[in-house]
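Visitor:
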Amino acid sequence: MFLGSSFAFLNSLGVAMAFGYCGIIVGSILAGLVYIIIAIIIHFAGTKWVSKLMPPVIIGPTVALIGLSLAGNAMGDIVKASGDLVNGSYNLLGLLCGLVAFIVIVLCSCQKKVKMMRLIPFIIGIGAGYVLAAFFSIFGYVFDVNYLKIIDWSPLVNNFSVLGDSLASAGDKVQAFLTYPDFALIEGIKEIASGSTTIPGSVLLDGAGFAQVALAFIPVALVVFAEHIADHKNLSSIIGRDLIEGQPGLKRTLLGDGVGSIVGTVLGICPNTTYGESVGCVAITRNASIRTIFLAALMCIIISFISPLMALLQTIPSCVMGGVCLTLYGFIAVSGLKMFKDIDLGENKNLFVVSAILIAGIGGLVIKIPYQIADNGLVTNFISITSIATALILGIITHAIINAVEKKQNKDDEAISSGDEVESLITGAVAPNASFEINEEGSGEGGAEISEDVKAEANENAVQESEATADKTADATADASAETFVEEQQASETAKEEIPAETVKPKRAKKKTENTEE
184 MFLGSSFAFL NSLGVAMAFG YCGIIVGSIL AGLVYIIIAI IIHFAGTKWV SKLMPPVIIG
244 PTVALIGLSL AGNAMGDIVK ASGDLVNGSY NLLGLLCGLV AFIVIVLCSC QKKVKMMRLI
304 PFIIGIGAGY VLAAFFSIFG YVFDVNYLKI IDWSPLVNNF SVLGDSLASA GDKVQAFLTY
364 PDFALIEGIK EIASGSTTIP GSVLLDGAGF AQVALAFIPV ALVVFAEHIA DHKNLSSIIG
424 RDLIEGQPGL KRTLLGDGVG SIVGTVLGIC PNTTYGESVG CVAITRNASI RTIFLAALMC
484 IIISFISPLM ALLQTIPSCV MGGVCLTLYG FIAVSGLKMF KDIDLGENKN LFVVSAILIA
544 GIGGLVIKIP YQIADNGLVT NFISITSIAT ALILGIITHA IINAVEKKQN KDDEAISSGD
604 EVESLITGAV APNASFEINE EGSGEGGAEI SEDVKAEANE NAVQESEATA DKTADATADA
664 SAETFVEEQQ ASETAKEEIP AETVKPKRAK KKTENTEE
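Residue numbers (the working numbering): 184 to 701.
Okay, here's the thing in structure tokens:
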């Protein structure tokens, strides 16, 4: 599972930026601590409570929703051209480049002869789409036709422009080839030492600011925890191994997520989350090797220090990435739909839960919690919970309510059933010995109500009579068995006495007859 920056924390980061780098660091560390605390709870309490809280009827549609909710982004990107300044909203040639990337990925994934092509279909697909986009873009820049400018090469140009600047320092020229990120921890230490923030418009973090940052990050971390479970269950279904109950186990994956978020924050990024795109890559390539994920992460770290490669990656047009996402997001959605095979949608309780999650998520239902109100009573800032998180919360609440009502109904049915059994015992015990009969309303023939003491006594008498009857039946059975045994013994002895001597010793009689004849 590949970890990356979580977009769910974007609004939370906006709140934290009002308190400088210290606010960002504190908020992200709190999010990481949420994962670690849940991992500790799971270590001691197990994962059964997690399965009860989020069964397949909730996880399945949520995973499908993750892919479906990203479909709009993929379709929006696949028709864009980075260099088209006039018609940037739609470009037919961009759509062609995206579809070429998509088709090449499909062909590489489905072919069986060259294994390497199945392992890197996305790189090959991106390369094919990029080459076609570059072909159109060259003509666009040569003849100055904006519609043909699919690729924007300005990041590469700007990166190397410093080399021709005579006024540029040696350090700036070195950064054209090697660079380094801004470490948030160093910036936070600078803020504390100087007593002022480096982010314009921000203030130093205080007690009230800490409360606002905590309120902005902790609820979102709980939601991302649910996405963590959904992604791992999705990956479990793909590789055929339970990653929640088995190895490495939910407690270890959460612990890694939490530690990664804290370390990543110190290095200058927002809290991490599991990426559904990596699950889609595993589904397509059938490569779930930990070594592959490690090498990919290591390559990403190395590339982040190489300026030309970073600039080259920035030139990949949106349309090509849209074609790639067409496969990735589709696989995520289909993986969630596969979980429906274990869900009986014929039952209304399951149908309502799935419907609530899908409609709320696809419809874009968002929860906005006001946390800052101006003097005039207007809300100035919100803590927003994404549509996926909102749909998940709605599904959990709906499932819990239905289960609670169902349990209550089952208890009522059991109580009615046991009441009918008691009434039948009372009727059988009292009616034969009483001068009245019990009617349906629990009263005697003359209309008198039967008291609880009478019912209890009748019930006790019935039980005693039943036990006495059972004892008599057992005694009678034992006596009958004894008599039968005696009769069989007598019959056997009588039969032995009636057997003639000739039949008892036939060989000796025959021998005696032969001697007489001689």
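Every residue, glycine too, gets a C-beta built ideally from N, C-alpha and C.
Values in this document were obtained by computation on a predicted structure and should not be read as measured data.
Does the pairing of the region 454–463 with the region 368–376 give three or more beta-carbon distances under 8 Å?
Guide: The answer is no - the region 368–376 does not touch the region 454–463, with fewer than three Cβ pairs under 8 Å.
Visitor: May I ask you to report which of helix, strand or coil DSSP gives L186?
Guide: Three-state result, L186: strand.
Visitor: Can you tell me the Cα-Cα spacing of G451 and I212, whole angstroms?
Guide: Taking the straight line from one Cα to the other gives about 12 Å.
Visitor: Suppose contacts are defined by Cβ-Cβ distances below 8 Å. Is L216 in contact with G529 by that definition?
Guide: No, the pair does not count as a contact, with Cβ atoms beyond the cut-off.
Visitor: Taking just the CA atoms, how far does V465 sit from H415?
Guide: If I take the Cα positions, the gap works out to 12 Å.
Visitor: State whether the region 277–295 contacts the region 552–565, with contact taken as three or more CB pairs (one from each stretch) at a distance under 8 Å.
Guide: No contact exists between the region 277–295 and the region 552–565.
Visitor: In angstroms, rounded to a whole number, what distance separates the CA positions of T569 and I550?
Guide: Between T569 and I550, the C-alpha separation is close to 7 Å.
Visitor: Return the Cβ separation of A516 and T581 in integer angstroms, given the expectation that the two are a contact with Cβ distance under 8 Å.
Guide: The Cβ separation is near 21 Å, so there is no contact.
Visitor: Say the cut is 7 Å; is the CB of F202 nearer than that to a heavy atom of the ligand MN?
Guide: Ligands in the displayed structure: none, and consequently the ligand MN is not present.
Visitor: So the alpha helix (DSSP H) T569 belongs to, where does it begin and stop?
Guide: Here T569 belongs to no alpha helix (DSSP H), and DSSP marks it neither H nor E.
Visitor: According to DSSP, is V269 helix, strand or coil?
Guide: Any reading at V269 needs caution, since the residue's pLDDT is 47, under 50, leaving its predicted position unreliable; the model's value is listed next. V269: coil per DSSP, three-state reduction.
Visitor: So what does DSSP say about V126, is it helix, strand or coil?
Guide: Residue 126 cannot be examined here, being either before or after the span of the chain that is shown, 184 to 701.
Visitor: Ignoring anything shorter than 4 residues, give me the alpha helix (DSSP H) runs that lie fully in the region 286–354, in order along the chain.
Guide: Within the region 286–354, the complete alpha helix (DSSP H) runs of at least 4 residues are 298–302, 304–325, 337–344.
Visitor: Confirm, please, whether the CB-CB distance from L418 to L405 is below 8 Å.
Guide: The answer is no: Cβ separation not under 8 Å.
Visitor: What residue does the beta strand (DSSP E) around N470 start on, and which one ends it?
Guide: Premise fails: N470 is in no beta strand (DSSP E) and is neither H nor E.
Visitor: Which whole runs of the beta strand (DSSP E) in the region 534–562 are 3 residues long or more, in chain order?
Guide: For the region 534–562, whole beta strand (DSSP E) runs of length 3 or above, ordered along the chain, are 550–556.
Visitor: Look at the alpha carbon of A201 and the alpha carbon of V386, and state the distance between them as a whole number of angstroms.
Guide: Near 6 Å, if we compare the C-alpha coordinates of V386 and A201.
Visitor: Determine the closest residue to L548 out of S420, S487, L575, with distance taken between C-alpha atoms.
Guide: The option with the nearest alpha carbon to L548 is L575.
Visitor: Is the beta carbon of L251 closer than 8 Å to that of I545?
Guide: It is a contact, given that the beta carbons lie within the stated cut-off.
Visitor: My parser needs the alpha helix (DSSP H) runs of 4 or more residues fully inside the region 439–515; what are they?
Guide: Taking only runs of at least 4 residues, the alpha helix (DSSP H) segments lying wholly in the region 439–515 are 459–468, 473–486, 490–497.
Visitor: Can you list, in chain order, the residues of its chain whose CB lies under 7 Å from that of F319, leaving out five sequence neighbours each side?
Guide: Only L276, L331, I333 meet the Cβ criterion.
Visitor: Using DSSP with H/G/I as helix, E/B as strand and the rest coil, what is L213?
Guide: L213: helix per DSSP, three-state reduction.
Visitor: Between which two residues does the alpha helix (DSSP H) carrying N421 extend?
Guide: Reading the sequence as shown, one finds Ile at residue 421 and not Asn. 390–422 is the extent of the alpha helix (DSSP H) around I421.
Visitor: Does DSSP put L387 in a helix, in a strand, or in coil?
Guide: Of the three classes helix, strand and coil, the one that applies to L387 here is coil, per DSSP.
Visitor: Using the rule of at least 16 other Cβ atoms within 10 Å of the residue's Cβ for burial, across every protein chain shown, is N622 buried or exposed?
Guide: The pLDDT assigned to N622 is 48, lower than 50, so where the model puts this residue is not dependable; a value taken from the coordinates is nonetheless given after this. Looking at its Cβ environment, which holds fewer than 16 other Cβ atoms inside 10 Å, N622 is exposed.
Visitor: My output table needs one value for L276: the three-state DSSP class, helix, strand or coil.
Guide: Helix at L276.
Visitor: Once you ignore the five residues that flank G371 on each side, which residues in its own chain have a CB closer than 7 Å to its CB?
Guide: These residues qualify, in order along the chain: Y204, C205, I208.
Visitor: Using only alpha-carbon positions, find the residue among V396, I306, I225 that is nearest to A479.
Guide: Answer by Cα proximity: I306.
Visitor: Once the 5 residues before and after L437 are set aside, which same chain residues still bring their CB inside 6 Å of it?
Guide: Y218, I221, A222.
Visitor: Classify L282 as helix, strand or coil using the three-state DSSP reduction.
Guide: Here L282 sits in helix by DSSP.
Visitor: Bridge partners for L361 per DSSP, in chain order?
Guide: L361 pairs with I489.
Visitor: By the three-class DSSP mapping on this structure, what secondary structure does P239 have?
Guide: Helix, per DSSP.
Visitor: Going by CA-CA distance only, name the one from G423, I242, I499 that's closest to V536.
Guide: That would be I242, whose Cα lies nearest to the Cα of V536.
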